[in-house]
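Going by the numbering used here, the first residue of the sequence shown is number 1341, and it counts up by one from there. Glycine residues also receive a C-beta, built at the ideal position from the N, C-alpha and C atoms. Structure record follows, encoded as structure tokens.
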Amino acid sequence: MKKWPLPNLDGGKIRINLDWSERHWFFKEDDYFIKDRPLIFDLPKGWGNNWPDLPNPDEDPSEFWLDRISLSSPRNPCSKETLLGYYMSWHIVGVSFFNENGRQPRNGEELKLYNDSLPKENRFGIHICSRSIEKYIEKFSTEGLEPSQIPMYLEYCTFLTMIYVIAHEWGHYRSEVLSFQISNLVKSISGEPNNRLSPSYLSYFVYKKEYPDTNFEEVFAEWASLKLGIFNYYMKKPAFAASIPNWPQVEATVKFMLSQAISRPNRIRPYSDIRFWIDFDSITRDVVMKRLSENKPSINRSVNDNVLIDEIKSFKKGKIIDVLMHNQMQFSQDHQFNGIVKSAPLAYPYEPDSSFYHFGDDECLVAHKPSNSENFLQIGNPAYSDPSERFNSRVLKVIESLKENNSSNAVLPIRVFSEMLPLDPIYFHV
Ligand SMILES: [Zn+2]
1341 MKKWPLPNLD GGKIRINLDW SERHWFFKED DYFIKDRPLI FDLPKGWGNN WPDLPNPDED
1401 PSEFWLDRIS LSSPRNPCSK ETLLGYYMSW HIVGVSFFNE NGRQPRNGEE LKLYNDSLPK
1461 ENRFGIHICS RSIEKYIEKF STEGLEPSQI PMYLEYCTFL TMIYVIAHEW GHYRSEVLSF
1521 QISNLVKSIS GEPNNRLSPS YLSYFVYKKE YPDTNFEEVF AEWASLKLGI FNYYMKKPAF
1581 AASIPNWPQV EATVKFMLSQ AISRPNRIRP YSDIRFWIDF DSITRDVVMK RLSENKPSIN
1641 RSVNDNVLID EIKSFKKGKI IDVLMHNQMQ FSQDHQFNGI VKSAPLAYPY EPDSSFYHFG
1701 DDECLVAHKP SNSENFLQIG NPAYSDPSER FNSRVLKVIE SLKENNSSNA VLPIRVFSEM
1761 LPLDPIYFHV
């Protein structure tokens, strides 16, 4: 039988210490934003249209109160058109169990059974709001497009939006996996479960609610959306791709337009802070876009190679996930406080090099070729209650085109940590 890891809820103490000194970086508001510039390619008209502002890939954190979470009651988060999707963590499912039963679950198996008994929208995993994605796509300008290309344009934008949301939610999943990984690592080094270095994902989660504008986990999730989503070389191309002239250049251009929507300064924080962490000018410069249009595997390095963490010397070798790890460590009980890193690089701790823990290679670096393995994200058939909804769904059409022949699942090249924290197929809601 599989062992299900449990959230670290022992004692339930959540301590937040926010007494740190800030060091300010001065920047102009439009620094690092990709400028409008003529595209390098000779393209069919309309494919380079601007994207409307992106809706949220998360539930509003102000609606979450740890002591009130009770997931047995059905909800309908996707009824909000402003919500593209969300990630439900095991930690929150664990809190809900505690609130509803007045005790911790006896073991992982009991928590798993509890999770399976919850309404689908409240279960652990990645959740996608299909109708919100489709409503968003309906706002796109199709000006300049040849009428025969409009359905393909909208389908490709649907594909990219869906991949953007899935990879963003995966970033939150990765963050939760990280909290288990650090716990295990600390246990194996110190031989004791409650070492002062134990990370606390829940405390960090509470911080997110208290300070929603500066939480670094969102920046990491946006980074994941670029690295594992939009710029993921192994992502399967939609089925219609071959029928558009200059398809590779078209694809590069539409991705560029999405990158622009992601890094827009008027987007709400902390999402828009991603532009302070990744050099968007650099990842969308001509040579990279050319690599993208020529479908070169080296494109997978582009997002990694353009992360702006110059101030921290150890990050020449380190990774953006190390910042996340650092932050989760800062919330440990009795840990000497160095200050957490906020989303915009406005407040690194003093002597940042001394405060980061780097535990070696991370699986985020490499995107993997998809296969029918449990180690990759799988998309099954979305369950639509209304058959006409199913018939008309652009999201469903895109999912179908991602499937291999004779396969009931689409498999995305985004890694799942099945030993540490298995991730069920993604949930789609209407
Ligand atoms: Zn998020």
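#1: Would S1543 be called buried (16 or more neighbouring beta carbons within 10 Å of its own) or exposed?
#2: Measure the Cβ-Cβ separation of E1486 and G1386 and say whether it is below 9 Å.
#3: Nearest to R1609 by alpha carbon, out of L1394, K1630, G1388?
#4: Does the beta-carbon distance from S1622 to P1588 come in below 9 Å?
#5: Between the C-alpha atoms of P1417 and V1435, what's the straight-line distance to the nearest angstrom?
#6: In angstroms, rounded to a whole number, what distance separates the CA positions of L1761 and V1517?
#7: Within the same chain, show all residues whose beta-carbon is closer than 8 Å to that of N1749, passing over the 5 residues directly before and after it, in chain order.
#8: Helix or strand or just coil, what does DSSP make of L1752?
#9: For the stretch 1544-1580, which segments carrying the alpha helix (DSSP H) assignment without a break, of at least 4 residues, lie completely within its bounds, in sequence order?
#10: With ligand 1 as the reference, list in chain order each residue whose Cβ lies under 6 Å from any of its heavy atoms.
#11: Please find out if some non-hydrogen atom of ligand 3 comes closer than 8 Å to the beta-carbon of H1708.
#12: Under DSSP, the beta strand (DSSP E) around L1717 begins and ends at which residues?
#13: Under three-state DSSP, which class holds I1614?
#14: Does the beta-carbon of K1595 have 16 or more other beta-carbons within 10 angstroms, so that it is buried, or is it exposed?
#15: Buried or exposed: K1709, going by 16 or more other Cβ atoms within 10 Å of its Cβ?
#16: Taking contact to mean at least 3 C-beta pairs separated by less than 8 Å, is the stretch 1613-1621 in contact with the stretch 1591-1605?
#17: Helix or strand or just coil, what does DSSP make of F1520?
#18: Let me check understanding here. Comparing Cα to Cα, which of I1739, S1747, D1662, S1758 lies closest to F1768?
#19: Tell me which residue opens and which closes the alpha helix (DSSP H) that I1584 is part of.
#20: Can you tell me whether K1460 is buried or exposed, with buried defined as 16 or more other CB within 10 angstroms of its CB?
#21: If you follow the beta strand (DSSP E) that H1467 is in, where does it begin and where does it stop?
#22: Return the CA-CA distance between K1549 and G1511, expressed in angstroms with no decimal places.
#23: Can you list, in chain order, the residues of its chain with a C-beta nearer than 6 Å to that of A1684? Leave out the 5 residues immediately preceding and following it.
#24: Mind checking I1570: buried by the 16 CB within 10 Å criterion, or exposed?
#25: Kindly indicate which residue of I1432, K1475, R1463 has the alpha-carbon position closest to the one of E1729.
Based on what the coordinates show:
#1: The residue given as residue 1543 occupies position 203 in the sequence shown. Classification of S1543: buried, given that the 10 Å Cβ count is 16 or more.
#2: Residue 1486 sits at position 146 when you count from the first residue of the sequence shown. Residue 1386 sits at position 46 when you count from the first residue of the sequence shown. Result yes, Cβ atoms of E1486 and G1386 sit closer than 9 Å.
#3: Counting from 1 along the sequence shown, the entry for residue 1609 is found at position 269. R1609 has its Cα closest to that of L1394, out of L1394, K1630, G1388.
#4: Counting from one through the sequence shown, the residue named residue 1622 turns up at place 282. Counting from one through the sequence shown, the residue named residue 1588 turns up at place 248. Not a contact, by the Cβ cut-off of 9 Å.
#5: Translated into the one-based positions of the sequence shown, residue 1417 becomes position 77. Translated into the one-based positions of the sequence shown, residue 1435 becomes position 95. When rounded, the distance between both Cα atoms is 19 Å.
#6: Here residue 1761 refers to the residue found at position 421 when the sequence shown is read from its first residue. Here residue 1517 refers to the residue found at position 177 when the sequence shown is read from its first residue. The straight-line gap from Cα to Cα measures roughly 6 Å.
#7: Position 409 of the sequence shown, counted from the first residue, corresponds to residue 1749. So the list reads N1712, Q1718, I1719, G1720, K1743, P1765, once near-sequence residues are dropped.
#8: Your numbering for residue 1752 matches position 412 in the sequence shown. Residue state, collapsed to three classes: strand.
#9: 1556-1564
#10: P1397, D1398, H1508, H1512, E1558, A1561
#11: Summarising the ligand content, the structure contains ligand 1 and does not contain ligand 3.
#12: Residue 1717 sits at position 377 when you count from the first residue of the sequence shown. 1716-1719 is the span of the beta strand (DSSP E), which, as asked, contains L1717.
#13: Taking the first residue of the sequence shown as position 1, residue 1614 is located at position 274. Here I1614 sits in helix by DSSP.
#14: Translated into positions along the sequence shown, residue 1595 becomes position 255. Buried is the call here.
#15: The residue labelled residue 1709 in the question sits at position 369 within the sequence shown. Exposed, by the Cβ-count rule.
#16: yes
#17: Residue mapping note: residue 1520 aligns to position 180 of the sequence shown, counting from 1. DSSP places F1520 in helix when its eight states are reduced to three.
#18: The residue labelled residue 1768 in the question sits at position 428 within the sequence shown. Of I1739, S1747, D1662, S1758, the residue nearest in Cα terms is I1739.
#19: Your numbering for residue 1584 matches position 244 in the sequence shown. Unbroken run through I1584: none, as it is neither H nor E.
#20: Counting from one through the sequence shown, the residue named residue 1460 turns up at place 120. Exposed, by the Cβ-count rule.
#21: To locate residue 1467, count along the sequence shown from 1; it is residue 127. Note, H1467: beta strand (DSSP E), 1465-1469.
#22: Taking the first residue of the sequence shown as position 1, residue 1549 is located at position 209. Taking the first residue of the sequence shown as position 1, residue 1511 is located at position 171. Near 17 Å, if we compare the C-alpha coordinates of G1511 and K1549.
#23: Taking the first residue of the sequence shown as position 1, residue 1684 is located at position 344. D1613, F1616, listed in sequence order.
#24: As a first step, residue 1570 is located in the sequence shown; it is residue number 230 there, counting from the start. The residue in question, I1570, is buried, as its Cβ has 16 or more Cβ neighbours within 10 Å.
#25: As a first step, residue 1729 is located in the sequence shown; it is residue number 389 there, counting from the start. Looking at the Cα atoms, K1475 is the closest of the given residues.
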